[in-house]
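Shown next, in structure tokens, is the structure this report addresses.
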Amino acid sequence: MGRIALRAGRSNIGNPSKMVMQNSKIVAINSVNQQRNYASPSQVNQMATPVDVKPEARAGRGSMQKVGGKDAVADILESVPRGSTANRPIYLDAQSTTPVDPRVLDAMMPFFTNQYGNPHSRTHAYGWESEAAVEEAREHVAKLIGADAKEIIFTSGATESNNMSLKGVARFYKQKKKHIITTQTEHKCVLDSARKLQDEGFEVTYLPVQTNGLIRMEDLEAALRPDTSVVSIMAVNNEIGVVQPIAEIGHLLKTKGAQLAKEGGLSGKPLFHTDGAQAAGKIELDVDKMGIDLMSLSSHKIYGPKGIGACYVRRRPRVRMDPIISGGGQERGLRSGTLAPPLVVGFGEAARLAYQEREYDYQHVSALAQRLRDRILAEIECVLVNGDPTGYPGCTNLSFQYVEGESLLMALKDICLSSGSACTSASLEPSYVLRALGLDDENAHSSLRFGIGRFTTEEEIDYVSEKIIKVVTRLRELSPLWEMVQDGIDLKTIEWSG
Ligand SMILES: Cc1ncc(COP(=O)(O)O)c(C=O)c1O
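In this note's numbering, the protein residues as written are 625 to 1122.
Given below as structure tokens:
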């Protein structure tokens, strides 16, 4: 019965009516009612709150700028329905998520419809074809980080991969090794996993960072202990774009880390886990050259679908860990559960494209970031650039001093950005990452993160720069604090009453 209904639904498009089973009777249905509501040029995807965006600054148009004589993005986007993205706010939040590349969506589609087999079904062609597609995707993901396909474990995303890496390793080695090292500027899911492990009796060292966001290698060296099981340090920070010295960390763990363990009568060096969610596809990563044992990856940060990611788990020498999900033993027994082939295939295609176009994307993003910074810094004074200048340029974090962050965001409703404040249930908290760099609450609150990506255009950057200049200038004109600064008063010397 289900099969007849499915067939009817599938072949319905274009047919006036179809026969389906209802209450054990075959009845005719009208195909008009069966049509699906995909976004299309005639079905414009309306915003809940329409905003006025200048026509020359449309989102998702692809860059007019040619880098290296190639205009790949504009070519790809020729086929994208303009109506679905026109008149929407400009998206500059690429660290939060990225749109699915149309080429990725194309690769995924057959696996939602015709090729729907369970990749773990071993007895028929539907299973085999899904499995083949999953394995091809695994190869693409592995290639992006210089790994072997067998070392890629598909998960639901970087949150799960970070959880499984920290908890899995710590719990496996718990009899002999009780110490974990991470940094104060990791993503919440690493910090929360570490806190959970503290509750279970593990000891955690949270390394501080310098004012530029980089850890000090001396601090890491001093923190290493014979019983350190895992060191988790992210490759690219999601708020300030800082790139940590991954290869140096890998080397230190193989040398000093291994030596300490040996002296303590324990086997093996501390394992090196890195959260690569913001790094893969953006900077070059090679697990062997960098001495990485575990790495978390996320598809939706590289123009793939949401809800899928991976954990790289080294095989030689083998990384041992307790799985956090139990079940049918899929994914080398480390992550049970049926894989989602459309998502896996999408992630694989996104990884393939990221590998192929990494240098082009990097040049595109750097040129736009430079343009944004140059324009803003030339026109507005008292702007702090947060994070080391050698960081990933697609994540540019600026504090507009003497401007209240909330007012800034309110005045920029036609631009989607993240700020240095995080909403908690009761109040606006300054970002813990910016606080770790030594920024005071005011400067953290007045910061904005500009997330530039593959589909950001020069026109969008110009529109955003102009708007920021106008808004910051206007807000400062209204600010008594700014007036005092102009009069040469040092605000730190003022004793505020009340
Ligand atoms: C550095 C970092 N780690 C982990 C995550 C979580 O990734 P996912 O959304 O795939 O769970 C993110 C996403 O915000 C991130 O930026």
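All C-beta atoms, glycine included, are put in the ideal place defined by N, C-alpha and C.
Here the structure is a predicted model, which means the values were calculated and not measured.
Is the beta carbon of residue i within less than 6 angstroms of some heavy atom of ligand 1?
i       : result
Asn862  : yes
Gln902  : yes
Asp910  : no
Ala974  : no
Asp823  : no
Gly1112 : no
His811  : yes
Ala782  : yes
Ser1043 : no
Ser1089 : no
Gly933  : yes
Asp816  : no
Ser1103 : no
Ser1070 : no
Tyr853  : Tyr is not the amino acid found at residue 853; the sequence shown has Ser there. No - ligand 1 has no heavy atom lying nearer than 6 angstroms to the Cβ of Ser853.
Ser922  : yes
Would DSSP call residue i helix, strand or coil?
i       : result
Ala934  : strand
Asp772  : coil
Phe735  : helix
Met919  : strand
Val943  : coil
Gly792  : helix
His803  : strand
Arg1073 : strand
Ser1103 : coil
Ile1093 : helix
Glu842  : helix
Ile1085 : helix
Glu827  : strand
Val860  : strand
Ser745  : coil
Thr783  : helix
Leu1022 : strand
Tyr797  : coil
Asp717  : strand
Thr852  : strand
Ser687  : Bear in mind that the predicted position of Ser687 carries a pLDDT of just 40, short of 50, making it unreliable; the figure below should be weighed with that in mind. Ser687 falls in the coil class under three-state DSSP.
Considering only the alpha carbon of each residue, which of the options lies closest to residue i?
i       : options                          : result
Lys801  : Leu890, Gln739, Ser1103, Gly1062 : Leu890
Ala859  : Asp1111, Trp752, Lys1037, Ala903 : Ala903
Arg939  : Ile948, Leu895, Lys906           : Leu895
Glu775  : Ser920, Ala964, Pro929           : Ser920
Lys880  : Gln868, Ala901, Asp851, Val866   : Asp851
Glu808  : Thr1080, Glu1082, Leu1061        : The sequence given here has Gln at residue 808, not Glu. Comparing Cα-Cα distances from Gln808 to each of Thr1080, Glu1082, Leu1061, the minimum goes to Leu1061.
Ile1076 : Pro965, Thr721, Gly1011          : Thr721
Gly928  : Ile714, Arg727, Asn711, Ile769   : Arg727
Ala782  : Lys1094, Gly900, Lys1116, Arg819 : Gly900
Asp998  : Thr1020, Tyr1016, Lys1116        : Thr1020
Cys1129 : Ser789, Pro832, Val833           : The displayed coordinates of the chain run from 625 to 1122. Any statement about residue 1129 would go beyond what the structure contains.
Val969  : Thr1097, Gly951, Pro734, Ser856  : Pro734
Phe796  : Val854, Thr806, His744           : Val854
Gly951  : Asn787, Thr962, Leu768, Arg942   : Thr962
Using the beta-carbon count (16 or more within 10 Å), is residue i buried or exposed?
i       : result
Ile926  : buried
Asp912  : exposed
Ile1092 : buried
Leu716  : buried
Gln1037 : Reading off the sequence shown, one finds Lys at residue 1037, where the question assumed Gln. The residue in question, Lys1037, is exposed, as its Cβ has fewer than 16 Cβ neighbours within 10 Å.
Asp823  : exposed
Thr1111 : A small fix is needed here, since residue 1111 is Asp in this sequence, not Thr. Exposed, because fewer than 16 other Cβ atoms sit within 10 Å of the Cβ of Asp1111.
Glu973  : buried
His748  : exposed
Is any non-hydrogen atom of ligand 3 found closer than 6 angstroms to the C-beta of residue i, if you look at the structure I gave you?
i      : result
Asp899 : Summarising the ligand content, the structure contains ligand 1 and does not contain ligand 3.
Alpha helix (DSSP H) runs contained entirely in the stretch 955–1013, provided each spans 4 or more residues: Correct list: 965–1003.
Could you name each continuous alpha helix (DSSP H) segment of 4 residues or more that falls completely within the stretch 866–909, going from the start of the chain to the end? Within the stretch 866–909, the complete alpha helix (DSSP H) runs of at least 4 residues are 870–876, 882–887.
Ordered list of alpha helix (DSSP H) runs contained in the stretch 1030–1065, each at least 4 residues: Within the stretch 1030–1065, the complete alpha helix (DSSP H) runs of at least 4 residues are 1056–1060.
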